[in-house]
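Chemist:
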Amino acid sequence: MFFFLRRVSKKKKEEDLEGNKWAKSIKGAKGIKLSMFEKSVSKMRLSDLMKATNNFSKHNIIGSGGTGTMYRAVLEDGTSLMVKRLQDTQHSEKEFVSEMATLGNVKHRNLVPLLGFCMAKRERLLVYKLMPNGTLHDQLHLVEEGGKSLEWPMRLKIGIGAAKGFAWLHHNCNPRIIHRNISSKCILLDEDFEPKISDFGLARLMNPVDTHLSTFVNGEFGDLGYVAPEYMRTLVATPKGDVYSFGVVLLELVTGERPTHVAKAPESFKGSLVEWITQLSSSSKLEDAIDNSLSGKGYDGELFQFLKVACRCVLPAHKERPTMFEVYQLLRAIGEQYNFTTFDEILMPSDSGDSDYMEELIVAREVKENH
1 MFFFLRRVSK KKKEEDLEGN KWAKSIKGAK GIKLSMFEKS VSKMRLSDLM
51 KATNNFSKHN IIGSGGTGTM YRAVLEDGTS LMVKRLQDTQ HSEKEFVSEM
101 ATLGNVKHRN LVPLLGFCMA KRERLLVYKL MPNGTLHDQL HLVEEGGKSL
151 EWPMRLKIGI GAAKGFAWLH HNCNPRIIHR NISSKCILLD EDFEPKISDF
201 GLARLMNPVD THLSTFVNGE FGDLGYVAPE YMRTLVATPK GDVYSFGVVL
251 LELVTGERPT HVAKAPESFK GSLVEWITQL SSSSKLEDAI DNSLSGKGYD
301 GELFQFLKVA CRCVLPAHKE RPTMFEVYQL LRAIGEQYNF TTFDEILMPS
351 DSGDSDYMEE LIVAREVKEN H
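Position 59 of the sequence shown, counted from 1, bears residue number 59 in our numbering, the numbering being contiguous throughout.
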């Protein structure tokens, strides 16, 4: 039986060497027009996206995660875009169009703008502007041998900008949105290294089954190392869960370490970045966590303040964590001398920013109520 299963699996792979069998199945829908939100973007058809991505070839994939796979698309006029193929959603076409209309109007300096979308048979495709400097994850962790890592002022700028974007989603956006899948992979960087948050609002489109505990544990939704401890108990996404995940991103910025593997720790240490930080803090050695490439360059005070903010975000008790607005205010104060923000469009929130006030559709609750 085992041999038979392996043969079936191998046959499937041989049939789909390019990883785009799904794209070939929608070729008959090439004439479908894309719904575009930006007037500056020329009108496109599905055929344009097929051509721009080489029929969604695996060679055009620039990232994948719990919400879907992202492809690089280059149009005939040289314009570069990103196209996300969503994971299977259970929404009707009417519901999907309604969600897209909402997300198309969610605009902020620190969000990746959604340019348009397309529905072809069961497929759902989203079109975004391409961010030339890739993800924060790659900038921090995939530096080539001899390459230059990000300097501290740039890391601080990215942390403040991302905090501003998340604070706006939590406190000022209408409807207010819990991201639920924050990681250094969802923070993209434009040509000026201004951070842009991607995947916001997409948790609403996922299959309710994807909110099951196993999807948090195995990393299918919510990357390993970023998931707040309370999610294991409640299965309900909250603003403070987002704060925890963002706290891990802040730790990445200041330590240069990955969330699930700490190169700087002793070989005997097998825990996560948060566990390593907790261990250092309990033995009054928190300064040892700071990235060696940043230390001794005149930024030590800022680095330690930044590290302390990150530590508050990843506290085990969610009620002890700051709100996203407070995180933004704390980071902004650290970077005040750099004048990163000339205009502050975030208003003082009128509530605590906790889950009782959120209008975000939390599908985990739906699952509970339906059983």
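Virtual Cβ for every residue (Gly too), placed ideally from N, Cα, C.
The structure presented is a predicted model; accordingly, all values stated were derived computationally and were not measured.
(1) Pop quiz: residue 314 and residue 271 are said to be a contact at Cβ under 8 Å. What is the actual Cβ separation, rounded to whole angstroms?
(2) Counting C-beta neighbours from all protein chains within 10 Å, is the total for residue 124 16 or more, i.e. buried, or is it exposed?
(3) Measuring CB atoms only, is the segment 180-196 touching the segment 106-116, in the sense that at least three cross pairs come out at less than 8 Å?
(4) Between residue 135 and residue 63, which are expected to be in contact by the criterion C-beta below 8 Å, what is the C-beta distance as a whole number of angstroms?
(5) Span of the alpha helix (DSSP H) holding residue 117?
(6) Using C-beta distances below 6 Å, list every residue in its chain close to residue 113, excluding the 5 sequence neighbours before and after it, in chain order.
(7) Out of 66, 65, 71, 91, which one is the CA nearest neighbour of residue 55?
(8) What does DSSP give as the partner residue(s) for residue 73 in the beta ladder?
(9) Residue 149 and residue 256: beta carbons closer than 8 Å?
(10) By alpha-carbon positions, which one of 227, 233, 264, 307 ends up nearest to residue 242?
(11) Tell whether a beta-carbon distance below 8 Å holds between residue 381 and residue 127.
(12) Look up residue 287 in the DSSP assignment and give the residues it is bridged to.
(13) In chain order, which continuous runs of the alpha helix (DSSP H) of length 4 or greater are located wholly inside the segment 290-317?
(14) What three-state label does DSSP hand residue 226 in the structure shown?
(15) Please say whether residue 290 and residue 307 have beta carbons closer to each other than 8 Å?
(16) One question on the structure: do residue 338 and residue 163 come within less than 8 Å of each other, judged by their Cβ atoms?
(17) Look at the Cβ atom of residue 302, then the Cβ atom of residue 140, and state whether they are nearer than 8 Å.
(18) My guess is that residue 190 and residue 133 are in contact by the Cβ rule of under 8 Å, so how many angstroms apart are they, rounded?
(19) What does the Cβ neighbour count give for residue 78, buried or exposed, with the cut at 16 atoms within 10 Å?
(20) Give every residue of the same chain whose Cβ lies closer than 6 Å to the Cβ of residue 167, excluding the five residues on either side of it in the sequence, and list them in chain order.
(21) Could you round the C-beta distance between residue 53 and residue 83 to whole angstroms and report it? I think they count as a contact, below 8 Å.
(22) Distance, Cα to Cα, residue 252 vs residue 172?
(23) What's the gap between the Cα of residue 65 and the Cα of residue 87?
(24) Can you list, in chain order, the residues of its chain with a C-beta nearer than 6 Å to that of residue 330? Leave out the 5 residues immediately preceding and following it.
(25) According to the neighbour-count rule (16 or more other Cβ atoms, all chains shown, within 10 Å of its Cβ), is residue 231 buried or exposed?
(26) Is the Cβ-Cβ distance between residue 160 and residue 239 less than 8 Å?
(27) Would you report the Cα separation of residue 118 and residue 284, rounded to the nearest angstrom?
(28) Would you mind reading off the limits of the alpha helix (DSSP H) that contains residue 244?
(29) Express the C-alpha separation of residue 224 and residue 187 in angstroms, rounding to a whole number.
(30) Reducing DSSP to helix, strand and coil, say where residue 111 ends up.
(31) Quick one: what's residue 180 bridged to in DSSP?
(32) Could you give the C-beta distance for residue 312 and residue 244, rounded to a whole number, given that I count them as a contact under 8 Å?
(33) Could you have a look at residue 143 and say whether DSSP puts it in helix, strand or coil?
(34) Can you tell me where the alpha helix (DSSP H) holding residue 99 begins and where it ends?
Modeler: Checking against the coordinates, here is how it stands:
(1) Going by Cβ atoms, the distance from residue 314 to residue 271 rounds to 13 Å, so no, they are not a contact pair.
(2) Buried, since its Cβ has 16 or more Cβ neighbours within 10 Å.
(3) Touching, per the Cβ criterion.
(4) 7 Å between Cβ atoms; contact.
(5) Where residue 117 is concerned, there is no enclosing alpha helix (DSSP H), although the beta strand (DSSP E) it sits in stretches over 114-120.
(6) These residues qualify, in order along the chain: 129.
(7) That would be 71, whose Cα lies nearest to the Cα of residue 55.
(8) Residue pairing by DSSP places residue 73 opposite 81 in a beta bridge.
(9) Result yes, Cβ atoms of residue 149 and residue 256 sit closer than 8 Å.
(10) Measuring from the Cα of residue 242, the nearest candidate turns out to be 227.
(11) The shown model of the chain, from 1 to 371, leaves out residue 381, and the question about it has no answer.
(12) DSSP lists no beta-bridge partner residue for residue 287.
(13) List check, alpha helix (DSSP H) in window: 300-313.
(14) Three-state DSSP puts residue 226 in coil, outside helix and strand.
(15) The Cβ-Cβ distance between residue 307 and residue 290 falls below 8 Å.
(16) For residue 338 and residue 163, no; Cβs fall outside 8 Å.
(17) Not a contact, by the Cβ cut-off of 8 Å.
(18) Their Cβ separation, rounded to whole angstroms, is 7 Å, which keeps residue 190 and residue 133 in contact under 8 Å.
(19) It is exposed - the Cβ of residue 78 has fewer than 16 other Cβ atoms within 10 Å.
(20) The residues are 324, 325, 328, 346.
(21) With a contact defined as Cβ atoms closer than 8 Å, residue 53 and residue 83 qualify at about 6 Å.
(22) CA-to-CA, the gap between residue 252 and residue 172 works out to about 27 Å.
(23) Between residue 65 and residue 87, the C-alpha separation is close to 9 Å.
(24) Same-chain partners within the cutoff: 309.
(25) Its Cβ being crowded by 16 or more others within 10 Å, residue 231 is buried.
(26) In this structure, residue 239 does not lie closer than 8 Å to residue 160 by Cβ.
(27) In this structure, the CA atom of residue 118 is about 53 Å from the CA atom of residue 284.
(28) For residue 244, the enclosing alpha helix (DSSP H) starts and ends at 239-255.
(29) Each residue's Cα considered, the two are about 16 Å apart.
(30) Strand, per DSSP.
(31) Residue pairing from DSSP leaves residue 180 without any beta-bridge partner.
(32) Their Cβ separation, rounded to whole angstroms, is 10 Å, which puts residue 312 and residue 244 out of contact at 8 Å.
(33) In the structure shown, residue 143 sits in coil (DSSP, three-state: anything other than H, G, I, E or B).
(34) Start and end: 93-104.
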